[in-house]
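Peer 1:
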Ligand code: ADP
Ligand code: MG
């Protein structure tokens, strides 16, 4: 007889385990699941499905994620973290040249270890930060479907290396999720696309241009099997670059350098530039005010700005086709993924390259999460006629004499899988052999990324060239690697699990898990009130600072009036009434915002005067 699981919390009969699909994006994240055989993305209160991948910390360290955090980009850039995905699995060294891009503080005390972000006196690593986003998504779907969720499939860009995949998996764990599978984003997208094409045989290109990353994948779908033939891309190319190009153009026209702006102004112009970009996807012209001056851009101006970026993506497409050994005419469909593919120029350029109209029927924002949900459903055993073969995006190998990279698993090899190769010693009586494992496409290991190393020790004394050492690479379905070395004559064996250099130790992980459990137990209402109070206190402090700094700029009357609003908010905090606090905050904000704009303009004018001298 079958067992009937009971949901202990509700006393009801537990539905089958729901496994969710998560698109953990650089810019936006979302969660989806398969409902009655169809993948659906989860909406909050009937609003949009996207959760901005933004994390805000208030002064007390309380966390907000998503739209609420996004609102803080302007007011508190130093405590509002965006694009954390760009930092996943990276050391400070890896990201130091992008430092200007982040308006929050990246710590450089440990150049080689996992990068850390400082907010006040707290330190966060990218894994923790990503786990906040995942927790938010988990909470979202739990609210939507009313049961608790433990299992997930999470997507990553095809170009993520081992360290980045590990970091993503760790973030899931930290959020209380059992990550069943890490799937490449374009692969997930093709799965969403191919769901209804089980009977056909097609070759598909998936063009994914998001906020921070670009990926192109070539896939073959046949008899329900999705096979990735090749992938290519750029982890530093996306809509963010377009925003920056617009902002730089505007600043240039005003004779300003981005270095002359304070963090608030930098964010303001970045957000305005993004508005302009989105506007131009449907309109011909954008016009607004910044610094009390007009800023404008036409669609053709915008297109000229982004053409070099688009050309780069096309180059990647050609490269992927080459890797797959296919000509353009062999591609049956081109699928568009990612918010930036809403830009008409992008569609046009990709259509031109492939000589066919692109397929943009799927919602470019949701398609990856929907595919992840389908993959989750496959893992749950609900979709027996679908199977997914994936490939490893970068070559894996070991260092040999002279610092050369000896590739053992070439890029675009299928995973899961294993490859073995034999080596020998170069010195008589050699007792130890160091195996250093690298990932990358360059011939010298120093240009590739080191994943780890280990020593096969206590070899019995033998003449050079006699030992037969088998090095075996085992890649699991996530593209995560285990390496073993065996001396076949003596059967000496050394197995090593390549632990990512930028991962977390077990202790760190345990501590973080404890912390997060503590956090989760807090009562929601109390937490919401606390968040309001924190935000209100923050506004009070900013107001005080503002009054102090702008004594000369404004009349006594205006400043008195501002003080009155400030006082009202202060009273509201005492009352501990969340609604009253929110209302007072809003009133204070409405009064103060125009003043802040005026003050900003005056400061800029002063800065420009200084420059001319
Ligand atoms: P990611 O996968 O990196 O999280 P998304 O696929 O969510 O990114 O895409 C986000 C990007 O898409 C942002 O740069 C955003 O500005 C851009 N975007 C969203 N909507 C539009 C639009 N209508 N026109 C142009 N760009 C858009
Ligand atoms: Mg994406």
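In the numbering used here, the protein residues as written are 2 to 614.
By construction, the Cβ of each residue, glycine as well, lies at the ideal position given by its N, Cα and C atoms.
Because the structure is a prediction, the values reported are computed rather than measured.
Using beta-carbon positions only, say whether residue 51 and residue 75 come within less than 8 Å of one another.
Peer 2: Locating residue 51 in the chain shown gives position 50, where the first residue counts as 1. Locating residue 75 in the chain shown gives position 74, where the first residue counts as 1. The criterion of a C-beta distance shorter than 8 Å is not satisfied by residue 51 and residue 75.
Peer 1: So does residue 241 have its beta carbon nearer than 7 Å to some heavy atom of ligand 1?
Peer 2: What you label residue 241 is simply residue 240 of the chain shown in a count that begins at 1. True, at least one ligand heavy atom lies under 7 Å from that Cβ.
Peer 1: I'd like to know whether the C-beta atoms of residue 395 and residue 441 end up nearer to each other than 8 Å.
Peer 2: Sequence index remark: in the chain shown, residue 395 carries index 394 (1-based). Sequence index remark: in the chain shown, residue 441 carries index 440 (1-based). A contact, by the Cβ cut-off of 8 Å.
Peer 1: Would you say the beta carbon of residue 186 comes nearer than 7 Å to a heavy atom of ligand 2?
Peer 2: As a first step, residue 186 is located in the chain shown; it is residue number 185 there, counting from the start. Residue 186: yes, Cβ under 7 Å from ligand 2.
Peer 1: Using DSSP with H/G/I as helix, E/B as strand and the rest coil, what is residue 522?
Peer 2: The residue labelled residue 522 in the question sits at position 521 within the chain shown. Confidence at residue 522 is low in this model, with a pLDDT of 48, below 50, so its placement is unreliable and no value can be given for it.
Peer 1: Is the beta carbon of residue 369 within less than 7 Å of some heavy atom of ligand 2?
Peer 2: Residue 369 sits at position 368 when you count from the first residue of the chain shown. Checking the Cβ of residue 369 against ligand 2 gives yes.
Peer 1: Between the alpha carbons of residue 470 and residue 415, how many angstroms are there, rounded?
Peer 2: In the chain shown, residue 470 corresponds to position 469, counting from 1. In the chain shown, residue 415 corresponds to position 414, counting from 1. Going by the C-alpha atoms only, they are around 24 Å apart.
Peer 1: Indicate the three-state DSSP secondary structure (helix, strand or coil) for residue 231 in the structure shown.
Peer 2: For the purposes of this step, residue 231 is taken as residue 230 along the chain shown, with counting starting at 1. In this structure, residue 231 counts as strand in the three-state DSSP scheme.
Peer 1: By a C-beta neighbour count over all protein chains shown, 10 Å radius and 16 as the cutoff for buried, is residue 254 buried or exposed?
Peer 2: Reading the chain shown from its first residue, position 253 is the one you call residue 254. Its Cβ having fewer than 16 others within 10 Å, residue 254 is exposed.
Peer 1: My assumption, with CB atoms under 8 Å, is that residue 127 sits in contact with residue 168. Please give the rounded CB distance.
Peer 2: Here residue 127 is taken as the residue at index 126 of the chain shown, counted from 1. Here residue 168 is taken as the residue at index 167 of the chain shown, counted from 1. The Cβ separation is near 7 Å, so the contact holds.
Peer 1: Kindly give me the distance between the Cβ atoms of residue 180 and residue 155, rounded to whole angstroms, as I take these residues to be in contact under 8 Å.
Peer 2: As a first step, residue 180 is located in the chain shown; it is residue number 179 there, counting from the start. As a first step, residue 155 is located in the chain shown; it is residue number 154 there, counting from the start. About 6 Å; that satisfies the 8 Å criterion.
Peer 1: Residue range of the beta strand (DSSP E) that residue 450 falls in?
Peer 2: Within the chain shown, numbered from 1, the residue matching residue 450 stands at position 449. 450 to 457 is the span of the beta strand (DSSP E), which, as asked, contains residue 450.
Peer 1: Report the rounded CA-to-CA distance for residue 501 versus residue 334, giving the unit in angstroms.
Peer 2: Taking the first residue of the chain shown as 1, we reach residue 501 at position 500. Taking the first residue of the chain shown as 1, we reach residue 334 at position 333. Any reading at residue 501 needs caution, since the residue's pLDDT is 46, under 50, leaving its predicted position unreliable; the model's value is listed next. Going by the C-alpha atoms only, they are around 37 Å apart.
Peer 1: With distances taken Cα to Cα, identify the nearest neighbour of residue 367 among 559, 541, 43 and 564.
Peer 2: Taking the chain shown and counting its residues from 1, the one referred to as residue 367 is at position 366. Ranking 559, 541, 43 and 564 by Cα distance to residue 367 puts 43 first.
Peer 1: Determine the direct distance from the alpha carbon of residue 49 to that of residue 104, and round the result to whole angstroms.
Peer 2: Here residue 104 corresponds to residue number 103 of the chain shown, with the count starting at 1. Here residue 49 corresponds to residue number 48 of the chain shown, with the count starting at 1. Straight across, the Cα-Cα distance linking residue 104 with residue 49 is about 27 Å.
Peer 1: Between which two residues does the alpha helix (DSSP H) harbouring residue 21 extend?
Peer 2: Stepping through the chain shown from its first residue, residue 21 is reached at position 20. Unbroken run through residue 21 is the beta strand (DSSP E), 20 to 25; no alpha helix (DSSP H).
Peer 1: What is the DSSP secondary structure of residue 586, counted as helix, strand or coil?
Peer 2: As a working mapping, residue 586 is identified with position 585 in the chain shown. It is helical.
Peer 1: Does DSSP put residue 206 in a helix, a strand or coil?
Peer 2: Position 205 of the chain shown, counted from the first residue, corresponds to residue 206. Residue state, collapsed to three classes: strand.
Peer 1: Should residue 275 be listed as close to ligand 1, given that the test is whether its C-beta is under 7 Å from any heavy atom?
Peer 2: For the purposes of this step, residue 275 is identified with residue 274 of the chain shown, where counting begins at 1. It does: the Cβ of residue 275 is within 7 Å (strictly closer) of some heavy atom of ligand 1.
Peer 1: Taking residue 578 as part of the alpha helix (DSSP H), name the residues at either end of that continuous run.
Peer 2: The residue labelled residue 578 in the question sits at position 577 within the chain shown. Segment: none, residue 578 is in no alpha helix (DSSP H) and carries neither H nor E.
Peer 1: Verify the contact flag: residue 22, CB atom, against every heavy atom of ligand 2, threshold strictly below 7 Å.
Peer 2: Stepping through the chain shown from its first residue, residue 22 is reached at position 21. Taken from the Cβ of residue 22, every heavy atom of ligand 2 lies 7 Å or farther away.
Peer 1: Checking 8 Å against the spacing of the C-beta atoms, do residue 40 and residue 145 come in under that value?
Peer 2: For this step, residue 40 is matched to residue 39 along the chain shown. For this step, residue 145 is matched to residue 144 along the chain shown. 8 Å or more divides the Cβ of residue 40 from the Cβ of residue 145.
Peer 1: State yes or no: is the C-beta of residue 233 within less than 8 Å of the C-beta of residue 317?
Peer 2: Counting from 1 along the chain shown, the entry for residue 233 is found at position 232. Counting from 1 along the chain shown, the entry for residue 317 is found at position 316. Closer than 8 Å, so yes.
Peer 1: In three-state terms, what does DSSP make of residue 100?
Peer 2: Taking the first residue of the chain shown as 1, we reach residue 100 at position 99. Three-state result, residue 100: helix.
Peer 1: Counting only the same chain and skipping the five closest in sequence on each side, list residues whose C-beta sits under 7 Å from that of residue 236.
Peer 2: For the purposes of this step, residue 236 is taken as the residue at position 235 of the chain shown. Same-chain partners within the cutoff: 158, 160 and 214.
Peer 1: When burial is assigned at 16 or more other CB atoms within 10 Å of the CB, is residue 567 buried or exposed?
Peer 2: The count along the chain shown starts at 1 and reaches residue 567 at position 566. Buried, since its Cβ has 16 or more Cβ neighbours within 10 Å.
Peer 1: What's the gap between the Cα of residue 496 and the Cα of residue 482?
Peer 2: The residue labelled residue 496 in the question sits at position 495 within the chain shown. The residue labelled residue 482 in the question sits at position 481 within the chain shown. If you take the alpha carbons of residue 496 and residue 482, they lie about 12 Å apart.
Peer 1: Could you check if residue 27 is buried or exposed, using at least 16 other CB atoms within 10 Å of its CB as the buried criterion?
Peer 2: For the purposes of this step, residue 27 is taken as the residue at position 26 of the chain shown. By the neighbour-count criterion, in which a residue is buried when 16 or more other Cβ atoms sit within 10 angstroms of its Cβ, residue 27 is buried.
Peer 1: Here's a check: name, in chain order, each residue in its chain whose Cβ is nearer than 7 Å to the Cβ of residue 524, leaving out the five neighbours to either side.
Peer 2: Mapped onto the chain shown, residue 524 falls at position 523. In this predicted model, residue 524 has a pLDDT of only 48, less than 50, meaning its place in the structure is not dependable; the value taken from the coordinates is given anyway. Cβ within range, chain order: n/a, list empty.
Peer 1: Just tell me which of 162, 457 and 582 has its CA closest to the CA of residue 536.
Peer 2: Locating residue 536 in the chain shown gives position 535, counting from the first residue. Nearest C-alpha to residue 536: 582.
Peer 1: Is residue 466 near ligand 2, with its Cβ less than 7 Å from a heavy atom?
Peer 2: Taking the first residue of the chain shown as position 1, residue 466 is located at position 465. No, Cβ of residue 466 sits at least 7 Å from all heavy atoms of ligand 2.
Peer 1: What residue ranges within the region 254 to 317 form continuous alpha helix (DSSP H) runs of no fewer than 4 residues, ordered along the chain?
Peer 2: List check, alpha helix (DSSP H) in window: 264 to 280.
Peer 1: Check whether the Cβ atoms of residue 183 and residue 202 lie closer than 8 Å to each other.
Peer 2: Within the chain shown, numbered from 1, the residue matching residue 183 stands at position 182. Within the chain shown, numbered from 1, the residue matching residue 202 stands at position 201. Cβ distance not < 8 Å, so residue 183 and residue 202 don't count as in contact.
Peer 1: Check this for me: beta carbons of residue 324 and residue 190, under 8 Å apart or not?
Peer 2: Here residue 324 corresponds to residue number 323 of the chain shown, with the count starting at 1. Here residue 190 corresponds to residue number 189 of the chain shown, with the count starting at 1. No.
Peer 1: When you compare only the Cα positions, how much space is there between residue 433 and residue 445?
Peer 2: Here residue 433 corresponds to residue number 432 of the chain shown, with the count starting at 1. Here residue 445 corresponds to residue number 444 of the chain shown, with the count starting at 1. Straight-line Cα distance between these residues: approximately 23 Å.
Peer 1: Looking at residue 210: is its Cβ nearer than 8 Å to the Cβ of residue 341?
Peer 2: Residue mapping note: residue 210 aligns to position 209 of the chain shown, counting from 1. Residue mapping note: residue 341 aligns to position 340 of the chain shown, counting from 1. In this structure, residue 341 lies closer than 8 Å to residue 210 by Cβ.
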